[in-house]
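Worksheet: the structure to be examined is printed underneath.
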Amino acid sequence: MPRLPLTTLLPLLLACAAPKAVERAPSGPDPAKLFPLAPGNRWTYQVSFLGAKQTLSVSIVSAQNGLYVDSRGQRYRVDARGVRDDQRYLLREPLEPGRSWQSVISLSSTEHYRVVGVGESADVPAGHFDGCVRIEGRVPGGRDKIQLAEQTYCQGVGLVRVTTYEEMGGQRGAPQWEEDLAAYRLAGG
40 MPRLPLTTLL PLLLACAAPK AVERAPSGPD PAKLFPLAPG NRWTYQVSFL GAKQTLSVSI
100 VSAQNGLYVD SRGQRYRVDA RGVRDDQRYL LREPLEPGRS WQSVISLSST EHYRVVGVGE
160 SADVPAGHFD GCVRIEGRVP GGRDKIQLAE QTYCQGVGLV RVTTYEEMGG QRGAPQWEED
220 LAAYRLAGG
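Residue numbers for the sequence shown follow the working numbering, beginning at 40 and rising by one.
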């Protein structure tokens, strides 16, 4: 029997002796199903900003090497932890009520996210949707002021609602930005 040098045997022995990593199945909804990304997917929203109304349309225009770009130039990626844009996770595993994460946007700005609802329903102009997840994002704005955004994502549809508020001294003000899904089309669907 030929003798193998120790430098060849050692990595083989360590590989056999090392315990195999057990991947934990994430609990809660799959972020990729809550934010379906594919070229041709299109969402149209009814937007109200401080009383002014407008329509906003967003579509995924390209995909390359797992990077998706929308019609506004926003870039998205799906990885093992969730769905993210260039600066933050929009949806991060596990999507369970009370779970939270942070994103450092700049030296002076850290966003705080929390899952506030799972398995919810949402009624918007585009229809009634079940299997939704509601995320709350908070950004300190200085002197007891917080910018608050609630986002609702629904299985197989994507983002269906965004509402932003300003909170002062723990009191939430009137909505500043309201965005509701009015229509959508998913590629191949």
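For glycine and all other residues, C-beta sits at the position ideal for the given N, C-alpha and C. What you are looking at is a predicted structure, and each value in this text was computed from that prediction instead of being measured.
E135 counts as exposed, since fewer than 16 other beta carbons sit within 10 angstroms of its beta carbon. Here E135 is not bridged, per DSSP, to any residue. For L73, the three-state secondary structure derived from DSSP is helix. S101 and Q85 have their C-alpha atoms some 24 Å from each other. Taking C-beta separations shorter than 6 Å and ignoring five residues to either side along the sequence, the partners of E175 in its chain run R153, V155 and E189, following chain order. Looking at the DSSP output, V155 sits in no beta bridge, so it has no partner there. Going by DSSP, Q190 is part of the beta strand (DSSP E) stretching over K184 to C193. The alpha-carbon of P214 is positioned some 18 Å away from that of L95. For Q93, the enclosing beta strand (DSSP E) begins and ends at A91 to Q103.
Classified as buried, G197 has 16 or more neighbouring CB atoms from the shown chains inside 10 Å of its CB.
By the beta-carbon neighbour count (other beta carbons within 10 angstroms, threshold 16), T149 is exposed. Approximately 5 Å separates the beta-carbon atoms of V172 and V157; this is inside 8 Å, confirming the contact. Comparing alpha-carbon positions, the option among L220, R116, S139 and Y204 lying closest to L89 turns out to be Y204. Going by beta carbons, S142 and R127 fall inside the 8 Å limit. Beta-bridge partners assigned by DSSP to Q126: none are found. The residues F168, C171, T191, C193, V199 and R200, in chain order, have a CB closer than 7 Å to that of A161 in the same chain once the five nearest residues on each side in sequence are set aside.
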